[in-house]
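Protein chains in written order, with this note's numbering: chain A, 1 to 866; chain B, 1 to 144.
A virtual CB, placed ideally from N, CA and C, is assigned to each residue, including glycine.
Remember, predicted model here, so these are calculated numbers, not experimental data.
Structure first, commentary second.
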Amino acid sequence: MLHNKSFFFFVLSLTFVSCQKQPKSLISQWDGPVVTGNFERKLAALEGPKCVKDLYSVETVKSQIQEFESGFAGMPPVTGKWRHLDLSQIPVPQANFLKKYGLVLGDRKNPNAIDYSGCMDVPCIFNRIYGRENHPGGYVHYLWYLKFGSLLAADNMVPRQNSINPGEYQWVIPEEKKVDPGDFSQYPYKKHDLSKFLFNEKELYGFWRLTLMLKAPHVRTRHLEEIQRIPPGEYQEKGKPEHCGQASTAGYINLSDGCLWFSGFDSGYFYTAVTHELSHHVDFAWGTERRLQYYSRTQEYLDIAEIDRVEYLDDAKVTQVKYVGRKDAKYVNEYAKTSPAETFAEMAAYFRHDGDKTKNSSSENHFNFIRDKIYFGRTFDSPSLSDFWISKFKPEIAKNIMQVLITCQQSSSLTLSGPVLRLPVEMANGLNPAFRSCLELKLPELTQLIDGMVLASEPEACEQTRPIPEKRTWLSGLNRSILENLGQQLDGFKQDPSYLSKLARLTDEQMSKDVRNIFIECSEAKNPRVCYKERLESAADEIGNAQGINPGQNIFDARQIVSTLYSYDSQAELAGSFYHNLLETSADLIKSESKNLWDSCQALGSDDEQQPTGRKFTVSDGYLVSSLYNCVNNGFDELEEKILSQMQFKGEHVSLSSEKSFLKKDLEKRISKALTAEFLKLKESELKAAKEFMDGETQSPAIRAKILANLDWVGMDHIQADCRKEAMKSIPFEPQAHLKTELFKPVLQNKICNNIAAAPEFTQWMIANNSQLRAEVLNILEGKILEEAKNLKRDCENRLSSSRILGFFGMSPQQRCLNEGWDAIEDAAALETSKLDIAFRLNLTYDALRLEGKIKRPQIKKQISR
Amino acid sequence: MTKIRFQLILFPVLLFVFACGPKHTSHKAYGKMTVADLIREKGQPLKEESIPTENGKILNYPGDEKFQVKGDIVTNSFRQPKADETTLLFWKNNFKECETTEKILKPADHEAAEKELACPSRGLSVLYTDGSDFVSRVIEYAPQ
Chain A
1 MLHNKSFFFF VLSLTFVSCQ KQPKSLISQW DGPVVTGNFE RKLAALEGPK
51 CVKDLYSVET VKSQIQEFES GFAGMPPVTG KWRHLDLSQI PVPQANFLKK
101 YGLVLGDRKN PNAIDYSGCM DVPCIFNRIY GRENHPGGYV HYLWYLKFGS
151 LLAADNMVPR QNSINPGEYQ WVIPEEKKVD PGDFSQYPYK KHDLSKFLFN
201 EKELYGFWRL TLMLKAPHVR TRHLEEIQRI PPGEYQEKGK PEHCGQASTA
251 GYINLSDGCL WFSGFDSGYF YTAVTHELSH HVDFAWGTER RLQYYSRTQE
301 YLDIAEIDRV EYLDDAKVTQ VKYVGRKDAK YVNEYAKTSP AETFAEMAAY
351 FRHDGDKTKN SSSENHFNFI RDKIYFGRTF DSPSLSDFWI SKFKPEIAKN
401 IMQVLITCQQ SSSLTLSGPV LRLPVEMANG LNPAFRSCLE LKLPELTQLI
451 DGMVLASEPE ACEQTRPIPE KRTWLSGLNR SILENLGQQL DGFKQDPSYL
501 SKLARLTDEQ MSKDVRNIFI ECSEAKNPRV CYKERLESAA DEIGNAQGIN
551 PGQNIFDARQ IVSTLYSYDS QAELAGSFYH NLLETSADLI KSESKNLWDS
601 CQALGSDDEQ QPTGRKFTVS DGYLVSSLYN CVNNGFDELE EKILSQMQFK
651 GEHVSLSSEK SFLKKDLEKR ISKALTAEFL KLKESELKAA KEFMDGETQS
701 PAIRAKILAN LDWVGMDHIQ ADCRKEAMKS IPFEPQAHLK TELFKPVLQN
751 KICNNIAAAP EFTQWMIANN SQLRAEVLNI LEGKILEEAK NLKRDCENRL
801 SSSRILGFFG MSPQQRCLNE GWDAIEDAAA LETSKLDIAF RLNLTYDALR
851 LEGKIKRPQI KKQISR
Chain B
1 MTKIRFQLIL FPVLLFVFAC GPKHTSHKAY GKMTVADLIR EKGQPLKEES
51 IPTENGKILN YPGDEKFQVK GDIVTNSFRQ PKADETTLLF WKNNFKECET
101 TEKILKPADH EAAEKELACP SRGLSVLYTD GSDFVSRVIE YAPQ
């Protein structure tokens, strides 16, 4: 009976489970690009053999922008206005950009100095700041935001600059004061035109080139908000002249001349320096994931980079922390040895821009780590570069060979003339001579096409393949790859000439949706790459079987085709972009829901009794009472869920748990930022209120009068500290975003408790209570002597416990030992007691107390001997 | 009956103790504990490091825990913060009744300054990077 019931329940559950609608991922409904790199292929195919540098134009950057903007297809329009622009009428990412950065563009000293009228897009706004029209530079600024998620600044306010006024940077220091300038606040600030804060032509080209060179994790890093240029000729205000770049977790990178030099267009320190600073932000982001400032200081990385952390308290008890490279450890240069953060950033930057040098000047372990974790297995030494290009363009080679096969099959009688690429004998065997000569004539055209695509989309390609010998090596490698691919396809072609049409299913729209689903579902797996590979292969097998494509037969191997077309890294890039875009369009929702949580927690009232718990929302600069902090952290997960439940894409909500997890990675950061903004608002308002209170106390010292009216709070020692403690109780202000002691420290020290013991009320109180206070001080003295005497007695007895011989007048060695130490005990007690504030006020000096100790000696000795 | 009454009293007491949480303080008897005591408690160290102090060395234990010794006496330790201890706010809250000192270990230069927040009376210091929300190390020593 029981079994029957279970069986029934099992069948019912099975029916229920199987009837449940499988949740769809939002990304599978996205109309964005199917595979990455479309732009490069399109551009290269259109332009023929041109170098990246020669392609830099408005049209090129525009088509890159279009590619990114297509990723926002289906995102809801943004509401609001920016000057004359209705944000709902412009592309979503442009509206997002203006919402986020619209107030920090151009001349911030005089925001109306620039006429933006007639500008209907973001590139135009940037170009107006530069005073020009339809220039690639404006497009590069916007492209940077699309790719890196941060602002390539074009304004006259440097993040964390000293002056509060835009356009003012560094001090005017007279020549004679330069060696020893003293206090900088004595000097006026230098004034700079807006144009001095703008990147020049070459620098903008460099940033554009970097958009082609860098991918995740350098893009959309957690903390980076903007990259700012320091006016030419100036160095960082908070740095030394030799440090041309500054990366900060406060959200910026500042760059000065030393980081921005070029030799030609495609080389120079610019590329290494900018990548170095971006790599610091990778370090910060990875560190934050581990609840640290720098990932590079984790033991994991220190071991990889062969660095030891040496920490100790020196002989003066001062903490010393040093990072020391292990014996025989290799680093890319001397600067990389200065700290783990610099080791990391230098290694990541040189790895990308000087692959040959890096390979030879770093340990294998470190090299492999950077290769795998930052560059997804890519290396950039010369031989590896060409291997990578060939593998990147493999799908293109395969696709074109299919086309060549079709053309030559249809035109078997065609006679053509031109350069030929001879087929190897084993490949040519059995082929119709006309077909064969057609292939041999068509293949050089294909070589030329792929070469052109590589030159046009790979920033190093021109440099690497321009010299004749290198060009020959590169082209022969490329030909080898083409022939290899042709060989595989010919095998399949010979078996089944209709196979081309069978492959179509592997590249159709449904497949691309399936691939996106697979990627997102695997993102929660223990090893997402392995999961993705297995699931992709199984999808390919399914299609292969349905289409009659048998696994394991060279080009007929559907697995091979899908793994080339839909690499894990390209899907990661696309997914990163989709979810980033989705969250960008939810900025208002995130802000308002975060504010709701903050307000509801604040409304609960506050206390600071519990210990702060939770680490999703944290506070670095300042303080927050634990009730509010804990409430916000306790509500964090629920808030995430609430926001996710309201997010929509094409009318659908997020329902897949793996998709939620993927979104949460970025959402957590955004909520945290929104909550921090609320915290800073609270902090600001408290500061203002505290200042008003302090000003009031300066004008009419009510609290000082109150604490002087009743001096019961005065202790024997630390009158100032006691005063501060008492006064603190009287301050009718309980801050939440400050430690009360810190907030009111200045007014307590400088006003309320300033010289309190010299106040007439205090003196009168001392006179009135003189005998009682005196007696208390003497009690303290007696207590100290008694305590130390007991210790000494115990010590003497322990040391001399075996001695039973009586000395003169019947005094035991233990008693003699105690007597010998007595003077020292009294000395120490008198000295310590004389240091009490009240003793000082009563004029109970060391000598006076020493005498009092002597007077009390017989009485204390009596107590000791009991 | 007595047992039940005792439990009735004990439970709220324990609840109070755990809910309010003891303030962090240095547990080991630094300045008195000997190396032999340490080895008895934690076993043999993974390795020893020499340091430029008089008669000093560092004993390394798993989990990036280090003990500094002078001669035969364990003077202090360095360890990773655990759970909520990783936030700077945790320590600011924990030290709010303490006369704290804040020292710069490495002044801000190209990188953010390295700082130490100390509560000498409790024998505790924490290291953090200026501008960071998180603490990187906890140092324990004899209360001063």
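When the beta-carbon positions are compared, A:Phe344 and A:Asp303 stay at least 8 Å from each other. Cβ proximity to chain A below 8 Å picks out Pro52, Thr53, Glu54, Gly56, Ile58, Asp64, Lys66, Gln68, Thr75, Asn76, Phe78, Asp84 from the segment 52-84 of chain B. Boundaries around A:Asp308 are those of the beta strand (DSSP E), 307-313, since no alpha helix (DSSP H) includes it.
In the same chain as A:Glu334, and ignoring 5 residues on each side of it, no C-beta atom comes closer than 8 Å to its own. In the DSSP assignment, A:Val321 falls outside any alpha helix (DSSP H) and lies within the beta strand (DSSP E) extending over 319-325. When beta bridges are read from the DSSP output, B:Ser50 appears opposite B:Lys57.
Among the CB atoms of chain B, one or more fall inside 8 Å of the CB of A:Asp315. The Cβ atoms of B:Asn76 and B:Tyr128 lie no closer than 8 Å to each other. Straight-line measurement puts the Cα of A:Lys359 at about 19 Å from the Cα of A:Pro340.
Within chain A, no C-beta atom comes less than 7 Å from the C-beta of B:Leu38; the nearest is roughly 16 Å away.
The alpha-carbon separation between A:Ile27 and A:Pro746 amounts to approximately 56 Å. Residues of chain B whose Cβ lies closer than 7 Å to the Cβ of A:Leu624 are, in chain order, Leu89. For A:Glu470, there is no enclosing beta strand (DSSP E); the enclosing alpha helix (DSSP H) has its first and last residue at 468-495. In the DSSP assignment, A:Glu226 falls within the beta strand (DSSP E) that extends over 226-229.
Its Cα nearest to that of A:Asn630, the residue A:Asp608 stands out among A:Ser620, A:Asp608, A:Glu641. Excluding sequence positions up to five before and after A:Ser481, its CB lies within less than 7 Å of the CB of Ile390, Ile397, all in the same chain and listed in chain order. Every alpha helix (DSSP H) stretch that sits fully inside the segment 730-808 of chain A and reaches 4 residues is listed by chain position as 740-743, 760-768, 770-799. Residues Glu782, Ile785, Leu786, Ala789 of the same chain have their beta carbon placed closer than 7 Å to that of A:Ile860, with the five preceding and five following residues left out of the count. Proximity of chain B to A:Asp608 at the Cβ level (cut-off 9 Å) is accounted for by Asn93, Lys96, in chain order. Secondary structure in the segment 373-440 of chain A: the alpha helix (DSSP H) runs of 4 residues or longer, each lying completely within the stretch, are 382-392, 394-410, 425-428 in chain order. As the crow flies, the alpha-carbon of A:Ser457 is around 30 Å from that of A:Tyr101.
For B:Lys103, no alpha helix (DSSP H) run applies; the uninterrupted beta strand (DSSP E) run containing it begins and ends at 101-106, by DSSP. Taking the C-beta atoms as reference points, B:Pro81 is found no nearer than 8 Å to B:Asn60. Per DSSP, B:Ser136 lies in no alpha helix (DSSP H) segment; the continuous beta strand (DSSP E) that holds it begins and ends at 135-141. As DSSP reads the structure, B:Ile73 sits in a beta bridge with B:Thr34, B:Lys70.
Straight through space, the alpha carbons of A:Gly635 and A:Ala828 are spaced by roughly 56 Å. Rounded to whole angstroms, the separation of the alpha carbons of A:Ser865 and A:Leu792 is 12 Å. Cα atoms of B:Pro120 and A:Asp847: separation of roughly 31 Å, rounded to the nearest angstrom. Between A:Pro612 and chain B, the shortest Cβ-Cβ separation is below 8 Å. If you draw a straight line from the Cα of A:Arg371 to the Cα of A:Trp286, it is about 16 Å long. Neighbours of A:Asp180 in chain B, taken as residues whose beta carbon is under 7 Å from its own, are absent, since the nearest beta carbon is some 18 Å off. For A:Phe393, the closest alpha carbon among the candidates A:Asn479, A:Leu292, A:Leu198 is that of A:Asn479.
The alpha carbon of B:Leu105 has as its nearest neighbour, out of A:Pro217, A:Arg505, A:Leu87, A:Leu313, the alpha carbon of A:Leu313. In the DSSP secondary-structure assignment, B:Ala118 is bridged to B:Thr101, B:Ser125. Taken through DSSP and simplified to helix, strand or coil, A:Ile173 comes out as coil.
Inter-segment contact for the segment 557-564 of chain A and the segment 63-70 of chain A is absent: fewer than three beta-carbon pairs are separated by less than 8 Å.
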